[in-house]
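Input: a single structure, listed below in structure tokens.
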Amino acid sequence: MKRKVTITFDRPETSFYFCDEILSGTIDFDSFHDLKIDKIKVTLVGEAAYTVGKTRTKFYHVPFLRRKLIMTPFPEQVSEDHYSWPFSIQLPYTSPPTINLIQSYPSIRYYLEVVVIKSWYKLAQRETKQFIIIPHTTNVQYPTIVTNHNRKGVVLIGKVDKGEYFPGETIISTLKINNPKQVVIKHIDVALVECLEVSHDISEHILSTITLPNIVNRHDESILDTFSIKIPSEIYLPPSYAYMFHVHGQKIHIDITYRLKFLVKAEGVLTDFKAILPITIGSNYHPTNNFTHQFFYAIETEELPPQYESPPTYESLFQSDSF
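Residue numbers are given in the UniProt record's numbering: position 307 of the sequence shown equals residue 307, and the series is strictly consecutive.
Below you can see the structure in the form of structure tokens.
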């Protein structure tokens, strides 16, 4: 008969933690008198997932963090057939933020793995539970500026009002257009874009868009406009971050960036053009923020063979343990 293993974090409503915090909670196990538990393995896992190839896609899941905690089989007996083990494990001081809570690529995910090792003739059981890690960021940035032009001499210059933003804030941007030939500017679309990259696997997500209402069918020699676009706060956004680690002699880099993407539609042939304005987004999340509804993880407990062993240790996989 299958016994149920349940992992409960001390922040069950959020599953959100900063680097260097303590991840704690309880492991509950429904048991019976005839069952002997040898030990419980608790492992903190950080995993980078990415794809390679276009015509024939290969999927990679690379563990870059693995911290083990072996627990002795002396739990607190809650009831006759129910046992509970408290656990506590230190999170890394430096680590990339969680990327993509749902099952998509690329991603950085953290989860707790619990393996209940029973008698040699019984199947071990494995349960995992995902949670969010965000590093402390100290981005000292200055306001950025971008400029670009098209073949008819229309020049766009854009800038933002400050160097770093946070989820829920509004970006204020000033746009200047020099148009000496008075080409008709049909309209300008602006998108706030999140760009996630893990080992050259790149995905972009449009967070919000706007068509500038004051620049429609304009042909002035000079146009100056100010607009605003809000950063969403109801969804999880990892902070701007860059990170790199080594595995099997190869560098795997992680890059999280944000940008304002301008698309200028002008009259004529081959006159449309784009401009990219980098934006830095920091982290102002609080443990009360709730993003658990965005998680994807299996809820079934997995049965493992009696001789189950956890995957290789962190030290055996990586050249550097400077994490």
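For every residue, glycine included, the Cβ atom is placed at its ideal position computed from N, Cα and C. Note that this is a predicted model, so its numbers are computed, not measured.
- Here Leu263 has Asp189, Lys274 as same chain residues with Cβ atoms under 6 Å from its own Cβ, once five neighbours each way along the sequence are excluded.
- The residue from Pro86, Arg109, Leu237 with its alpha-carbon nearest to that of Glu194 is Leu237.
- Here the C-alpha atom of Asp38 lies approximately 8 Å from the C-alpha atom of Val116.
- Residue range 16 to 18 is occupied by the beta strand (DSSP E) that includes Tyr17.
- Residue state for Ser95 is assigned as coil, using DSSP reduced to three classes.
- Listed in chain order, the non-local C-beta contacts of Asp225 below 7 Å within the same chain comprise Leu175, Leu212, Asn214, Ile215, local neighbours out to five positions each way being set aside.
- If you draw a straight line from the Cα of His248 to the Cα of Val62, it is about 10 Å long.
- Proximity of the region 146 to 154 to the region 51 to 59 falls short of the contact definition, fewer than three beta-carbon pairs being nearer than 8 Å.
- For Tyr83, the enclosing beta strand (DSSP E) begins and ends at 82 to 90.
- With fewer than 16 other beta carbons inside 10 angstroms of its own, Tyr93 counts as exposed.
- Counting C-beta atoms within 10 angstroms of its own C-beta, Leu112 has 16 or more neighbours from the protein chains shown and is therefore classed as buried.
- In the DSSP annotation of this structure, the continuous segment of the beta strand (DSSP E) that includes Ser173 starts and ends at 170 to 178.
- Between the region 124 to 132 and the region 162 to 174, the count of Cβ pairs shorter than 8 Å is below three; the stretches do not touch.
- Secondary structure at Glu164: strand, using DSSP grouped into helix, strand and coil.
- With contacts defined by Cβ atoms closer than 8 Å, Ile229 and Ser208 form a contacting pair.
- When only Cα atoms are considered, Ala242 and Ala49 end up about 16 Å apart.
- For the 8 Å CB-CB criterion, His82 and Asp28 form a contact.
- The alpha-carbon of Lys68 is positioned some 6 Å away from that of Leu44.
- Counting only runs of 3 or more residues that sit fully inside the UniProt domain "Arrestin C-terminal-like" (150 to 286), the beta strand (DSSP E) segments are 155 to 160, 170 to 178, 185 to 198, 201 to 218, 222 to 230, 241 to 247, 250 to 266, 273 to 281, in chain order.
- The region 191 to 205 makes contact with the region 249 to 269; the number of CB pairs closer than 8 Å reaches 3 or more.
- Rounded to whole angstroms, the Cβ separation of Tyr258 and Ile276 is 11 Å, and the two are not in contact under 8 Å.
- In the DSSP assignment, Arg11 falls outside any beta strand (DSSP E) and carries neither an H nor an E.
- Taking C-beta separations shorter than 6 Å and ignoring five residues to either side along the sequence, the partners of Ile177 in its chain run Leu156, Ile223, following chain order.
- Secondary structure at Lys58: strand, using DSSP grouped into helix, strand and coil.
- Here Glu221 is exposed. Its C-beta has fewer than 16 other C-beta atoms within 10 Å.
- Per the DSSP secondary-structure output, Phe29 pairs in a beta bridge with Val5, Tyr83.
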